[in-house]
Every structure is written in structure tokens, then in C-alpha cells.
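Each remark here refers to the structure printed beneath this line.
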Amino acid sequence: MSSDKQAQTVKKHKLNFAFREKLGTFAEGFRHNYCYQCGACVADCPASNYSKEFNPRLIILKALLGFEDELIKPDSEIWNCTNCYTCSERCPQDVRPVDVIIALKNMCYSEGKAPELIGHISDTVLVTGVTTKITSLSERRRQELGLPPIKGYPVDEIKKIIEAD
Amino acid sequence: MTYKSIGKYIPFFGCMMTTKYPWFEAAVRKTAAKIGMELIDIDGFTCCPDPIYYQARDKMEWYTIAARNISLAEDLGYDLITTCSGCTATLSEVNLALKEDPGLKAKVNERLKKIGREFKGSINVRHAVTVIRDDFGFEQVTKTVTRPLEGLKVAVHYGCHLLKPSRVMRVDDPNHPTILENLLKAIGAEPIHHDKTMLCCGKACISDAIPEQMIMDILETIKSREADCMGLICPTCFDQFDIRQIILGRKHKKKLDVPIIYYFQLLGLAQGLNTKDVGLQMHKVKADQIFEKVLA
């Protein structure tokens, strides 16, 4: 994004520094405060290289300025992060942009603003204990390969431990 | 860190390999035994949970479920070994985060107390390829080979979570790694390191368009380098390159035909297993011709 376009984006929104406090309630949701906008995270970001919209530096900037309505929604660009952690390798400030993006995703989920897929897959873990489907075909293939059968997954234990105190 | 012994490990196969690609699990079990790794199976594991969707849901829940899995291995005191890069990402990161942050560990343990468990921080989490390199060495791998895969050109695909974040993984140089190349050389294959070797498979993107371009770029690069197949170590990357290759080939009217092979399948073939033992016939992109050539 050119600096002109960036300036327009900034003008369009109200600054909301309270957003930093809100994001800070989520794990790792403070690391963007270390960012000095050098842009080292961008060059090797695969999502940036394959999409004009995705830019980790800009996501961090929006988090700093509190552009909540652009970040906290199911079609926010944050959902195209590949979670590859290359930005975390490049960042001289230890911002760990992926971890800030995950904090933003956690905020989306907690407000019911995550894409449906997130709830769908993570809910499966709480029903079956795994993310995948266990079918009779899985069992048959395991048997053919001489593998031990799938034992039950202790779903009740997971349900108990994910409850906040 | 003291080890009870080097050579015994608790395997964590994860969801994908247990239910969707059990032939990868079979390949690991059959080959690891020959190298000298004793795998001690324990009951009670759940999903790691996955580093993309579950972590996006709630990081505290993600830490806690992973800590529960790690604590089961701690009971026996052997290292937990992973065979999927997703499980490696989750379990390595949570293990380190809780070891480094006593406050976080206390919060997680408060939750684990409800089921009578505790995370102690007494073991390591390591991908099976790291264990082979560090506890046995490449020469030990070569010693198990009865049928070197001479002439087989394998395009290396690292996947992201064996190496990154390097602060957590501590496996190899995240920009210029050599571990997979050396493991391929150890079985007589020729590793092809191409300019998309380090590119992500794109599985985590919510968009279809971004990973589609990545996959096409990677596969076309491999074709241009005349590699016989892609070699990788992650079932999620496999998902992207095997099944989606068929779909994308049709969409773009391109004949890609790049077989995608999990490293432990290649190792198995080099150790004399047949293609059915390691489930090669189950792949969508067929690898028959190549292995007729190599295994003739």
C-alpha cells in the first residue's frame, strides 16, 4: 500500500487506543506495541506475495491504531494468514506478528465474528476428540495395515479443562 | 534435562495420520523400529489440538488441551515424538511457553487439576525426523537401507512447522535447512532443493485463491526441475498437494503428475518394504511408474 493510500485509510477511521487494552486481554495480544513499522515482515510473507490485500505490517498498524471494524470480522484479512511464522523470523522487534494475528482471531471468536469454519472444526474436537472424521473405513484400513484399533478419545476430560474458572 | 534412556519414545500420531492417512503411521512404525527407535504407545491422547483452527478459537483452551496431552507422556518420562508438522507446532510451542512462563503454567495447571493432571515441563517434544538425526544419525539410517533409491530425484518440501518459529522449534537453520536433504541422501535418493522448497502449502488461509496459486507455483517448479516426486513430512501439506493437485490440474487443464510422498514411505521402500506396505496405492496422484523404475 502506498503512503498516500495508507494516509487515506488512517483518515477514514477514528483512532481508538482503547483497543490496545482490549486486545491485551487475549494471550500475546500486547506484542504489536513493540512494532516500529519497519516492514521486515512483509517481503517473505507468502500471503502477501500471493494477495494484494494481505499485509502483516498493516495489520499490526491497524491493531495499534484501533481499527477494530476492519480487523474483527469474519471476512477480515487476518484469516488469510498462513501461520507460517516467517514474519516472526524476520521481525527485529520480536513482535511475532502471527501471535498478534492469533490474538485478533481469538477476539473475533469470542465475539461471534470468526468464520464459521473455525467453530465447525474446533467444535468437532469437543465432540469426537479429534478434528477429523472417524469412519468404519478408517478402522478397516488400520486393520489391513496391521495397526492397533482407534481407542476412544476422553472428550469429557477436555470439556472439563477448557472451562474457565 | 535428564533422559531415562535414549531410544524410547512416546509417539503422538495425531488426528490426520490416525484416521485419514493410517498408511503414514504404518510407515513410521515399520521404519522406526529398524532404526532402533522403540515406540511406547499410551492411551488417552486427543487432538493436539490443531494449531490453526483450535488456536484461532481460544488460545487458553489450546494451551490447556495440549498440556494435558504432554502431561500423559510426562507420566512415563519419555520424550513425545510427533510425525505431523501441525502436532509438532502445537505441542512444541505449548511445551516451551509453559516451561518459560510460570504464571501461564499455573493458570493451565489450575484447569488440569479438575481432572487430576499436572503439566510439569519435564520432557521434550520432537518431530521424528529430528529424533533420527540427533539420537541415531544419518549413518544409522543408511545402515537400515537394503535397496537404495538411486536415481530418484525428490523435490524437498519442508513445510513451515518443522522449522518455524525457530525460537521454539530449534531444529535447523529456518532459512537454509539441511535435515531433509541429508535424510534423503541417507537412503540413496537425490534431494532437489528448488526455489519454492521453503514455500508454505497455504492450508491455513481461509481463501481458496491464495493457496491455489501457491500450490500451482510449487508443483510447476518441481516439474520444471524434472524431479520424480515431492518428499515431505506433514500430512496437512500432503492434503494440499495430493488431492488438490488433481482438482487444480483439471481446473487449469494442466497435467501436473507430481507424486507426493511422505518421507517415512520413502524410507520404508529403501528398507525393502513394498509399495503396499507403505500405502502408496492409496495416493490420488499415482507413483507407480517411478517406483517401478527405482525398485526394479
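Residue numbers (the numbering used here), protein chains in the order written: chain B, 42 to 206; chain Y, 733 to 1028. All C-beta atoms in this analysis are idealised placements derived from N, C-alpha and C, irrespective of residue type, glycine included.
DSSP state of residue i, grouped into three classes?
| i | result |
| --- | --- |
| T778 (chain Y) | coil |
| H859 (chain Y) | strand |
| I738 (chain Y) | coil |
| P138 (chain B) | helix |
| E62 (chain B) | helix |
| F744 (chain Y) | strand |
| L812 (chain Y) | strand |
| A759 (chain Y) | helix |
| A887 (chain Y) | strand |
| M733 (chain Y) | Since pLDDT at M733 (chain Y) reaches only 43, below the 50 mark, its modelled position is unreliable, and no value is offered. |
| G963 (chain Y) | strand |
| L771 (chain Y) | strand |
| I993 (chain Y) | strand |
Compare the C-beta of residue i with all C-beta atoms of chain Y and state if any pair is closer than 9 Å.
| i | result |
| --- | --- |
| F71 (chain B) | no |
| E204 (chain B) | yes |
| V166 (chain B) | yes |
| K192 (chain B) | yes |
| K209 (chain B) | The structure shown does not extend to residue 209 (chain B), since chain B spans only 42 to 206, so no value can be given for it. |
| S177 (chain B) | no |
| I159 (chain B) | yes |
Is it buried or exposed, residue i, if we count other Cβ atoms within 10 angstroms and call 16 or more buried?
| i | result |
| --- | --- |
| R865 (chain Y) | buried |
| T796 (chain Y) | buried |
| N124 (chain B) | buried |
| S956 (chain Y) | exposed |
| T66 (chain B) | exposed |
| C747 (chain Y) | buried |
| N1006 (chain Y) | exposed |
| I203 (chain B) | buried |
| T127 (chain B) | buried |
| K983 (chain Y) | exposed |
Can you grab the Cα-Cα spacing for the pair residue i / residue j, in whole Å?
| i | j | result |
| --- | --- | --- |
| P743 (chain Y) | I191 (chain B) | 14 Å |
| T734 (chain Y) | K146 (chain B) | Legend: pLDDT at T734 (chain Y) = 45, less than 50; position of this residue unreliable, value from coordinates given subsequently. Computed Cα separation, rounded: 38 Å. |
| N801 (chain Y) | K985 (chain Y) | 45 Å |
| K953 (chain Y) | H926 (chain Y) | Inspection of the sequence shows that residue 953 (chain Y) is occupied by Thr rather than by Lys. C-alpha separation (whole angstroms): 7 Å. |
| T176 (chain B) | A59 (chain B) | 48 Å |
| C730 (chain Y) | Q972 (chain Y) | Outside the shown range of chain Y (733 to 1028) lies residue 730 (chain Y), about which nothing can therefore be said. |
| K55 (chain B) | R131 (chain B) | 30 Å |
| S129 (chain B) | K935 (chain Y) | 19 Å |
| E958 (chain Y) | L102 (chain B) | 43 Å |
| E944 (chain Y) | M792 (chain Y) | 32 Å |
| F756 (chain Y) | F996 (chain Y) | 7 Å |
| Q49 (chain B) | E111 (chain B) | 14 Å |
Tell me, please, whether the CB atom of residue i is closer than 9 Å to any CB atom in chain B?
| i | result |
| --- | --- |
| R800 (chain Y) | yes |
| H893 (chain Y) | yes |
| L844 (chain Y) | yes |
| E688 (chain Y) | Shown here, chain Y extends from 733 to 1028; a query on residue 688 (chain Y) therefore has no answer. |
| F996 (chain Y) | no |
| M748 (chain Y) | yes |
| T953 (chain Y) | no |
| M962 (chain Y) | no |
| A860 (chain Y) | no |
Counting only Cβ-Cβ distances shorter than 8 Å, please list the residues of the segment 82-109 of chain B near chain Y, keeping chain order. Residues passing the 8 Å Cβ filter: P87, A88, Y91, S92, F95.
May I ask you to list, following chain order, the residues of the segment 931-951 of chain Y that have a beta carbon less than 7 Å from some beta carbon of chain B? So the close ones are L931, C932, G934, A936, C937, I938, S939, I942, Q945, M946.
Pull out every residue of the segment 780-800 of chain Y whose Cβ sits closer than 8 Å to any Cβ of chain B, in chain order. Look at the segment 780-800 of chain Y: the residues with a C-beta under 8 Å from a C-beta of chain B are P781, D782, P783, I784, Y785, Y786, Q787, A788, R789, D790, K791, M792, E793, Y795, T796, I797, R800.
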